[in-house]
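Enquirer: Numbers 1 to 307, taken from the UniProt record's numbering, label the letters of the sequence shown in order.
By construction, the Cβ of each residue, glycine as well, lies at the ideal position given by its N, Cα and C atoms.
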Amino acid sequence: MLSMIYYTNSEYLCRNGKSSDQQTQPPTRTPPALTIMSVFSPPGFDFSNTLRNNFFAEKGLPLPKATSTGTTIVGCLFVDGIVLGADTRATEGPIVADKNCEKIHYITENIRCCGAGTAADTEFTTALISSNMELHALSTGRKPRVVTAMTMLKQMLFQYQGGIGAALVLGGVDATGPHLFTIHPHGSTDKLPYVTMGSGSLAAMAVFESGWKANMSREDALQLVKDAISAGIFNDLGSGSNVDACIITASHTEMLRNVEMPNVRVQKERQYGFRRGTTAWKSEEIRNLVVSEEVTLLGAGDEMDTT
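#1: Given a threshold of 16 other Cβ atoms within 10 Å of its Cβ, counted over all protein chains shown, does W212 qualify as buried or as exposed?
#2: Could you tell me the boundaries of the beta strand (DSSP E) in which E260 lies?
#3: Give me the Cα-Cα distance between G141 and M133, rounded to the nearest whole angstrom.
#4: Of the residues E209, G200, P185, which one's Cα is nearest the Cα of Q192?
#5: Hey, could you find the ends of the beta strand (DSSP E) V96 is sitting in?
#6: According to DSSP, what are the bridge partners of T196?
#7: So is N54 buried or exposed if we call it buried at 16+ other beta carbons inside 10 Å?
#8: Check whether the segment 118 to 128 touches the segment 258 to 275, taking contact to mean three or more Cβ pairs, one atom from each stretch, closer than 8 angstroms.
#9: Helix, strand or coil, according to DSSP, for A214 in the structure here?
#10: Quickly, what does DSSP pair V169 with across the bridge? List them, please.
#11: Shortest alpha-carbon distance to K226 belongs to which of C246, G238, D236, L237?
#12: Among E58, F56, G70, L51, whose alpha-carbon lies nearest the alpha-carbon of G232?
#13: Between which two residues does the beta strand (DSSP E) holding A66 run?
#14: In three-state terms, what does DSSP make of D236?
#15: Of the choices V291, N263, G93, G171, whose alpha-carbon is the least far from that of D190?
#16: In three-state terms, what does DSSP make of T125?
#17: Just tell me which of N110, F45, G93 has its CA closest to the CA of M255.
#18: Let me confirm a value: R275 is counted as buried when at least 16 other C-beta atoms fall within 10 Å, else exposed. Which label applies?
#19: Among F78, H252, G238, which one has its Cα closest to the Cα of M197?
#20: When burial is assigned at 16 or more other CB atoms within 10 Å of the CB, is D46 buried or exposed?
#21: Three-state secondary structure (DSSP) at A203?
#22: Does DSSP classify L157 as helix, strand or coil?
#23: Under DSSP, the beta strand (DSSP E) around L84 begins and ends at which residues?
#24: Count the other CB atoms, across all protein chains shown, that sit within 10 Å of the CB of L297; report buried if there are 16 or more and exposed otherwise.
#25: Are there 16 or more other CB atoms within 10 angstroms of the CB of M152, so buried, or fewer, so exposed?
#26: Taking the C-alpha atoms as reference points, what is the distance between A175 and G75?
#27: Compare the beta carbon distance of I229 and A204 with 9 angstroms and say whether it is the shorter of the two.
#28: Is R287 helix, strand or coil when you go by DSSP?
#29: Going straight from the alpha carbon of V295 to that of I286, what length do you get?
#30: Can you tell me the Cβ-Cβ gap for A149 and I129, rounded? I've got them flagged as a contact below 8 angstroms.
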């Protein structure tokens with residue numbers, strides 16, 4: 001940790017050889033809680049954020065709150081390629097901001113990237129990498145590979161040390177075969193046959209671990225992805241609405257928008273008019289009903305006593 005020395009105004013004036021009349025604007029004393037950390041910090045755990053929290057508490061400022069990725073994104077390998085899946089709910093705290101957003105982003109013709117986390121970060125990060133991949137293809141004259149996109153993404157995210165809230169699932173097929181990666185916001189990566197990310201990833205991973213097998217067919221892999229996303233939708237408040245999927249093979253990429261809609265909104269029926277023929281008529285009979293009443297007046301023959 002870099003050691004920083006703080007001077008009072010009088011100490012600063014003595015060291016600079018100026019009187020208080022000559023010194024018009026003394027330096028502001030920075031609180032020790034905001035000391036800049038160095039990359040050469042000693043190994044082990046670092047609890048310096050407790051100083052920051054104490055400083056905020058003394059000033060009556062709110063403490064930073066942890067945010068949730070609020071999404072379920074998955075991917076798995078099958079015999080001919082990759083199947084990616086995502087839900088379509090975008091939240092803003094407890095509010096559902098968008099019920100049918102797109103979380104499977106275009107990178108190249110044979111590469112797609114699912115994003116969880118801050119919606120703007122995932123969208124513009126994938127758009128930037130997509131542009132860089134196109135420039136790379138034009139520069140080399142070759143079809144770009146999935147590992148190239150993964151390297152660009154992890155190098156970019158590592159530079160920001162988690163400041164960009166983008167948790168990504170990258171999948172595609174290139175000259176070396178199908179590849180599936182996860183990229184965490186801090187830049188760490190994994191390469192696995194099936195992956196999940198987001199706040200609903202635990203429920204989705206339970207489906208994968210119980211149902212995935214090597215060399216799956218296209219139909220089985222698609223159904224497994226739909227089941228995994230549905231598990232995230234029904235077990236995580238940050239995930240919801242519909243299921244999107246993308247099937248990538250060496251020759252074709254198929255985007256399946258709203259392939260499954262488990263939460264279709266039911267419109268309330270305003271008029272309950274049943275069309276003729278809904279219920280079978282066996283017979284018809286019309287009767288004229290006459291109501292007959294007899295009214296008897298009690299005490300009609302007695303005269304009123306007016307005396």
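Expert: From the atom records:
#1: As a first step, residue 212 is located in the sequence shown; it is residue number 212 there, counting from the start. By the Cβ-count criterion, W212 is buried, with 16 or more other Cβ atoms from all chains shown falling within 10 Å of its own Cβ.
#2: For this step, residue 260 is matched to residue 260 along the sequence shown. From DSSP, the beta strand (DSSP E) with E260 extends over 253 to 260.
#3: Counting from 1 along the sequence shown, the entry for residue 141 is found at position 141. Counting from 1 along the sequence shown, the entry for residue 133 is found at position 133. For G141 and M133, the distance between alpha carbons rounds to 12 angstroms.
#4: Looking up residue 192 in the sequence shown gives position 192. With the sequence shown as reference, residue 192 is identified as Leu, and Gln is not the correct amino acid for it. Selected option, being the one with the closest Cα: E209.
#5: Taking the sequence shown and counting its residues from 1, one reaches residue 96 at position 96. Counting along the chain, the beta strand (DSSP E) containing V96 begins and ends at 95 to 98.
#6: Taking the sequence shown and counting its residues from 1, the one referred to as residue 196 is at position 196. Answer is V74, bridged to T196.
#7: As a working note, residue 54 is residue 54 in the sequence shown. Flag for N54 reads exposed.
#8: no
#9: The residue you call residue 214 lines up with position 214 of the sequence shown. Coil.
#10: Within the sequence shown, residue 169 is the residue found at index 169, counting from 1. Answer by DSSP bridge pairing, in chain order: C114, T182.
#11: Within the sequence shown, the letter at position 226 stands for residue 226. Ranking C246, G238, D236, L237 by Cα distance to K226 puts C246 first.
#12: One-based indexing of the sequence shown puts residue 232 at position 232. Here the closest residue by C-alpha is G70.
#13: In the sequence shown, counting from the first residue as 1, residue 66 sits at position 66. Careful: A66 lies outside any beta strand (DSSP E) and carries neither H nor E.
#14: Along the sequence shown, read from residue 1 onward, the residue named residue 236 stands at position 236. The answer is coil: DSSP assigns D236 none of H, G, I, E or B.
#15: Your numbering for residue 190 matches position 190 in the sequence shown. Nearest C-alpha to D190: G171.
#16: Numbered from its first residue, the sequence shown carries residue 125 at position 125. Looking at T125 - three-state DSSP - the assignment turns out to be helix.
#17: For the purposes of this step, residue 255 is identified with residue 255 of the sequence shown, where counting begins at 1. Checked all of N110, F45, G93; the closest Cα to M255 is N110.
#18: Along the sequence shown, one-based indexing puts residue 275 at 275. It is exposed - the Cβ of R275 has fewer than 16 other Cβ atoms within 10 Å.
#19: Your numbering for residue 197 matches position 197 in the sequence shown. That would be G238, whose Cα lies nearest to the Cα of M197.
#20: As a working note, residue 46 is residue 46 in the sequence shown. So D46 counts as exposed.
#21: Locating residue 203 in the sequence shown gives position 203, counting from the first residue. Note: A203 maps to helix in three-state DSSP.
#22: Counted from its first residue, the sequence shown places residue 157 at position 157. Reduced to three states, the DSSP call for L157 is helix.
#23: Along the sequence shown, read from residue 1 onward, the residue named residue 84 stands at position 84. Run containing L84: 81 to 87, per the beta strand (DSSP E) assignment.
#24: Stepping through the sequence shown from its first residue, residue 297 is reached at position 297. With fewer than 16 Cβ atoms within 10 Å of its Cβ, L297 is classed as exposed.
#25: In the sequence shown, residue 152 corresponds to position 152, counting from 1. Buried, since its Cβ has 16 or more Cβ neighbours within 10 Å.
#26: In the sequence shown, residue 175 corresponds to position 175, counting from 1. In the sequence shown, residue 75 corresponds to position 75, counting from 1. For A175 and G75, the distance between alpha carbons rounds to 20 angstroms.
#27: Residue numbering aside, residue 229 sits at position 229 when the sequence shown is read from its first letter. Residue numbering aside, residue 204 sits at position 204 when the sequence shown is read from its first letter. Yes.
#28: Along the sequence shown, read from residue 1 onward, the residue named residue 287 stands at position 287. Reduced to three states, the DSSP call for R287 is coil.
#29: In the sequence shown, counting from the first residue as 1, residue 295 sits at position 295. In the sequence shown, counting from the first residue as 1, residue 286 sits at position 286. Looking at the two C-alpha atoms, the distance is approximately 29 angstroms.
#30: Along the sequence shown, read from residue 1 onward, the residue named residue 149 stands at position 149. Along the sequence shown, read from residue 1 onward, the residue named residue 129 stands at position 129. Yes, they are in contact, since the Cβ atoms of A149 and I129 sit about 6 angstroms apart, within 8 angstroms.
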